[in-house]
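Engineer: The structure's right below; bear with me while I get my questions together.
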Amino acid sequence: MKIRTRFAPSPTGYMHIGNLRTALYEYLIAKAQNGDFVLRIEDTDQKRYVEGATDIIYSTLKRVGMDWDEGPDIGGNFGPYVQSERKPLYAKYAHKLVELGGAHYCFCSADEADEQKDEQTNTKFVDPCKNLTLEEARKRIANGEPYVIRQTIHKKGTSVFHDVVYGDIEIDYDELDEGVLLKSDGFPTYNFANVVDDHLMEITHVVRGNEYISSTPKYNLIYEDFGWQAPVYVHVPPVMKDAQHKLSKRNGDASFQDLVAKGYLPEAILNYIALLGWNPGTEQEIFSLAELKQLFTAERLNKSPSIFDIAKLTWMNGCYIRNLSLADFHALAMPYYEKCITRKVNLEFLSSVLQKRVETLAEICPQTDFIETMPEYDVLLYQNKKMKTDEQIAKNSLVLALPVLEKVDVWTNENLFEVLKALAENNGLKNGQVLYPVRIALSGKETTPGGATELAVILGKDETINRIKQAIDKL
Ligand code: GLU
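Residue 2 is where the sequence shown starts when you use this note's numbering, and the numbers rise one by one after that.
Next comes the structure, spelled out in C-alpha cells:
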C-alpha cells in the first residue's frame, strides 16, 4: 500500500513552529517510503479565515523544500483540496452516517446544548433529539426546521487504539461527547471533516498534535460505522516555550516567518525543529532535508514535550551560515547591507569576514554599524592590558602608521598586514600595539567583525586614512 500523509493546516495567517514540525514529520513519513505528501487546507471555520493565509502556507513549505504531491494549487486525483470546496460531500456523508446509526439529527439550539454542558462538573449534553425516530426528524427537516447532525456514541465499554508515539490508548466511550458533525449552515466540524477527508484521500498516516488524542476514539467510531479503515496515528507532543507553557503566537512567540525575519535560515529552522521531538539515535545534529528523508522513522519520535531553545537554534543557524558558499552568504547579506550601509565599501570582502562571525543575519547591521558612521567613543578604549596599549602608545603607533598606509598601493589584507607588522618590528613594538589602535581608530568599538587590516580593506584606503587622522586629532 502506498504511504499517503497530509498536512492539513487551517489558514490562520502565520506558520506556527509546531505546525511546521507536524508538516515535516508528515512529509518525512511519506518520503522515507516514496509515498505521497498531500496539502489540504482546512478552512471550514470561516470565522477564522485570514486573507492571504494560504499563500503563507505555500511559501513556507516551498522555502523549506517540502514539496507536496497534491494540493489546492496543483490539483491531484483526490481533490478538491480546500475543505470549503468540499462542502456538499460532508453533508452527503453526514446523512449517510445517520442512516447507519452513527449520527442523529438534532434540533436543539446551540444555547440549549450549552446550558446542559458544564465543563466544571464534566456534565455532558444529553441530546433529547436522540429519541426522535428518523421519520419524525425527517418531517421536521422537511418543515424547514434548522438542525445539526450530531454523532451518536452507541458503544459502551472501553475504546482502544494504537498510537505510534504513545502506544495503546484506552478511553471509555462514556467520556465521549456527542458532538456536532455537520452544522446548521451545512459546514462540517473538524471532527467530521478530518475523517471524511482522510478516508476519501486515502491517507494512511495521520500526524497531529496530542490534543487530538482524546477525540480519536470518536473518529475511530465514525470510521467503524462507515466500515472504513482508520489511519495509523502519530500524535506528537506540543512544542513548549518553557516547562509550563506551549509555544504560541498569542504569547508573542515566534512563527516561522518571524524567525526568518530575525535572520534565521529556513534550512536551519527546519533542521532544528526536526530534532525537537525526534531522536536520530546518534550524536549527529546537522541534517539536510535529503538526509532526514533517508533516516527518519516515526518510531524515534519522543513522547515528552520539547522546549524550544532559541540559543540552540542560533548555534545551529551559525553552523548553516558558515557552511554556505561565500556567494550565497553574500546574496543573503545584501538586503541587510542595503538597509544599513550607503557608503561605498568593499562589500564582498565584508561578507568574507562576517560569514565567520555572525550566527544570524540580523547581527549584520549591529556588527557593521561603524562602517556608515564612526561612533562617538571614549579614548579610554585605547587602553588595553592584553595588547599593552594606552592612549600614548596608540597615538604614537597611529602617527607612525599614517604615512606608511598612505604609501600602500595594493590595498589588500595581506599587504596591509605585512606593512603594519614590519612597522611594529622596526619600531620595537608588539604587533598588537599597532593593530589594536588601528582597529579602534577605524571602528570606535571594542568588538568588531574583523581585525585592523580587515576593517581597512572593508572601508577602503581613503576612509581608512581619514579615520586615522581623526583618531590622531582625538588623542
Ligand atoms: N486543521 C487542523 C489543525 O490545524 C489539523 C489537525 C489534523 O492534522 O488533523 O490543527
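Quick reminder that beta carbons are idealized off the backbone N, C-alpha and C, glycines included.
Can you tell which of F309, L417, Y106, I42 has the C-alpha that lies nearest to the C-alpha of P147?
Structural biologist: The residue you call residue 147 lines up with position 146 of the sequence shown. Taking only the C-alpha atoms, the option nearest P147 is Y106.
Engineer: Three-state secondary structure (DSSP) at V458?
Structural biologist: Taking the sequence shown and counting its residues from 1, one reaches residue 458 at position 457. V458: helix per DSSP, three-state reduction.
Engineer: Rounded to whole angstroms, how far is the Cβ of L182 from the Cβ of P218, which I believe are closer than 8 Å?
Structural biologist: Within the sequence shown, residue 182 is the residue found at index 181, counting from 1. Within the sequence shown, residue 218 is the residue found at index 217, counting from 1. The pair is not a contact, with the Cβ atoms about 15 Å apart (cut-off 8 Å).
Engineer: So which of L101, I459, V39, Y437 has the shortest CA-CA distance to W412?
Structural biologist: Position 411 of the sequence shown, counting from 1, holds the residue named residue 412. The shortest C-alpha separation from W412 is found at I459.
Engineer: Kindly examine the ligand GLU and report whether one of its heavy atoms sits closer than 6 Å to the Cβ of E86.
Structural biologist: Against the sequence shown, residue 86 aligns to sequence position 85. The answer is no for E86.
Engineer: Taking C-beta to C-beta, are I223 and V196 nearer than 7 Å?
Structural biologist: On the sequence shown, residue 223 is found 222 positions in, with the first residue counted as 1. On the sequence shown, residue 196 is found 195 positions in, with the first residue counted as 1. Contact: yes.
Engineer: Should N195 be counted as a contact of the ligand GLU given a C-beta to heavy atom distance under 6 Å?
Structural biologist: Indexing the sequence shown from 1 puts residue 195 at position 194. Answer for N195: yes, Cβ within range of the ligand GLU.
Engineer: Can you give the Cα-Cα distance for C341 and C366, rounded to whole angstroms?
Structural biologist: Counted from its first residue, the sequence shown places residue 341 at position 340. Counted from its first residue, the sequence shown places residue 366 at position 365. For C341 and C366, the distance between alpha carbons rounds to 6 Å.
Engineer: Going by the DSSP bridge assignment, what does A262 pair with across the sheet?
Structural biologist: In the sequence shown, residue 262 corresponds to position 261, counting from 1. Partner(s): none; A262 has no beta bridge.
Engineer: Please determine whether the Cβ atom of R209 lies at a distance below 6 Å from any heavy atom of the ligand GLU.
Structural biologist: Working through the sequence shown from its first residue, we reach residue 209 at position 208. Indeed, a heavy atom of the ligand GLU lies less than 6 Å from the Cβ.
Engineer: In three-state DSSP terms, what is D37?
Structural biologist: What you label residue 37 is simply residue 36 of the sequence shown in a count that begins at 1. Strand.
Engineer: What are the start and end residues of each continuous alpha helix (DSSP H) run of 4 or more residues lying completely inside the stretch 134-203, in chain order?
Structural biologist: 135-143, 191-201
Engineer: Using 8 Å as the threshold, is the stretch 129-148 in touch with the stretch 92-107, meaning 3 or more CB pairs across them?
Structural biologist: yes
Engineer: Would V51 pass as a contact of R7 if the rule is Cβ separation under 7 Å?
Structural biologist: The residue given as residue 51 occupies position 50 in the sequence shown. The residue given as residue 7 occupies position 6 in the sequence shown. Going by C-beta atoms, V51 is not nearer than 7 Å to R7.
Engineer: Which residue wins for smallest C-alpha separation from K446, given the options V359, Q471, P376, L417?
Structural biologist: One-based indexing of the sequence shown puts residue 446 at position 445. Selected option, being the one with the closest Cα: P376.
Engineer: Less than 7 Å between the C-beta atoms of D44 and P12, yes or no?
Structural biologist: On the sequence shown, residue 44 is found 43 positions in, with the first residue counted as 1. On the sequence shown, residue 12 is found 11 positions in, with the first residue counted as 1. Yes, Cβ-Cβ distance for D44 and P12 is below 7 Å.
Engineer: Any contact between the stretch 10-29 and the stretch 50-67? By contact I mean 3 or more CB pairs, one from each, below 8 Å.
Structural biologist: yes
Engineer: Is the beta carbon of E71 closer than 7 Å to that of G77?
Structural biologist: Position 76 of the sequence shown holds residue 77. Position 70 of the sequence shown holds residue 71. For G77 and E71, yes; Cβs fall inside 7 Å.
Engineer: Which value, in whole angstroms, describes the spacing of the CA atoms of I287 and G103?
Structural biologist: Along the sequence shown, one-based indexing puts residue 287 at 286. Along the sequence shown, one-based indexing puts residue 103 at 102. Those two C-alpha atoms are separated by around 48 Å.
Engineer: Judging by CA-CA distance, which residue of L333, F79, N20 is the nearest neighbour of S256?
Structural biologist: Taking the first residue of the sequence shown as position 1, residue 256 is located at position 255. When each option's Cα is compared against that of S256, the closest is N20.
Engineer: I322 to F162, Cα distance in whole Å?
Structural biologist: Within the sequence shown, residue 322 is the residue found at index 321, counting from 1. Within the sequence shown, residue 162 is the residue found at index 161, counting from 1. Those two C-alpha atoms are separated by around 44 Å.
Engineer: If we ignore side chains and look at the alpha-carbon of each, how far apart do E478 and E464 end up?
Structural biologist: The question about residue 478 has no answer here: the residues shown for the chain are numbered 2 through 476.
Engineer: Suppose contacts are defined by Cβ-Cβ distances below 7 Å. Is L348 in contact with Y338 by that definition?
Structural biologist: Locating residue 348 in the sequence shown gives position 347, where the first residue counts as 1. Locating residue 338 in the sequence shown gives position 337, where the first residue counts as 1. In this structure, Y338 lies closer than 7 Å to L348 by Cβ.
Engineer: Can L62 and L293 be called in contact, C-beta distance under 7 Å?
Structural biologist: Position 61 of the sequence shown holds residue 62. Position 292 of the sequence shown holds residue 293. No; because the gap between Cβ atoms is not below 7 Å, this pair is not in contact.
Engineer: Using 8 Å as the Cβ pair cut-off and three pairs as the minimum, do the stretch 244-258 and the stretch 351-365 touch?
Structural biologist: no
Engineer: Judging by CA-CA distance, which residue of P189, T205, P238 is the nearest neighbour of E1?
Structural biologist: The structure shown does not extend to residue 1, since the chain is modelled only from 2 to 476, so the question has no answer here.
Engineer: Going along the chain, which residues of its own chain have a beta-carbon closer than 8 Å to the beta-carbon of G36, five neighbours each way excluded?
Structural biologist: Here residue 36 refers to the residue found at position 35 when the sequence shown is read from its first residue. Closer than 8 Å at the Cβ level, and outside the excluded window around G36, lie K3, I4, R5, T6, I30, T205.
Engineer: Where do the ends of the beta strand (DSSP E) carrying Y106 lie?
Structural biologist: Here residue 106 corresponds to residue number 105 of the sequence shown, with the count starting at 1. Taken as a continuous stretch (DSSP letters only), the beta strand (DSSP E) holding Y106 covers 104-107.
Engineer: For W279, which option in K263, T298, N467, S289 has the closest C-alpha, if you only look at C-alpha atoms?
Structural biologist: Sequence index remark: in the sequence shown, residue 279 carries index 278 (1-based). The alpha carbon of W279 has as its nearest neighbour, out of K263, T298, N467, S289, the alpha carbon of T298.
Engineer: Does DSSP put N303 in a helix, a strand or coil?
Structural biologist: Sequence index remark: in the sequence shown, residue 303 carries index 302 (1-based). Here N303 sits in coil by DSSP.
Engineer: What span of residues does the alpha helix (DSSP H) with H96 cover, start to end?
Structural biologist: Position 95 of the sequence shown, counted from the first residue, corresponds to residue 96. Unbroken alpha helix (DSSP H) run through H96: 88-100.
Engineer: If I measure Cβ to Cβ from F350 and keep anything under 8 Å in the same chain, skipping five residues before and after, which residues do I get?
Structural biologist: Counting from 1 along the sequence shown, the entry for residue 350 is found at position 349. Here the set comprises N414, E455, V458, I459.
Engineer: What does the alpha-carbon distance come out to for the pair K125 and E225?
Structural biologist: In the sequence shown, the residue the question calls residue 125 occupies position 124. In the sequence shown, the residue the question calls residue 225 occupies position 224. So the alpha carbons of these two residues sit roughly 23 Å apart.
Engineer: Do V508 and K32 have their C-beta atoms closer together than 7 Å?
Structural biologist: For residue 508 there is no data in the structure shown, the boundaries of the chain being 2 and 476.
Engineer: With Y234 as the anchor, note down where its beta strand (DSSP E) starts and where it stops.
Structural biologist: Position 233 of the sequence shown, counted from the first residue, corresponds to residue 234. Y234 -> beta strand (DSSP E) spans 233-237.
Engineer: Locate the alpha helix (DSSP H) running through G319, then write down its first and last residues.
Structural biologist: Numbered from 1 along the sequence shown, position 318 holds the residue referred to as residue 319. Its alpha helix (DSSP H) spans residues 311-324.
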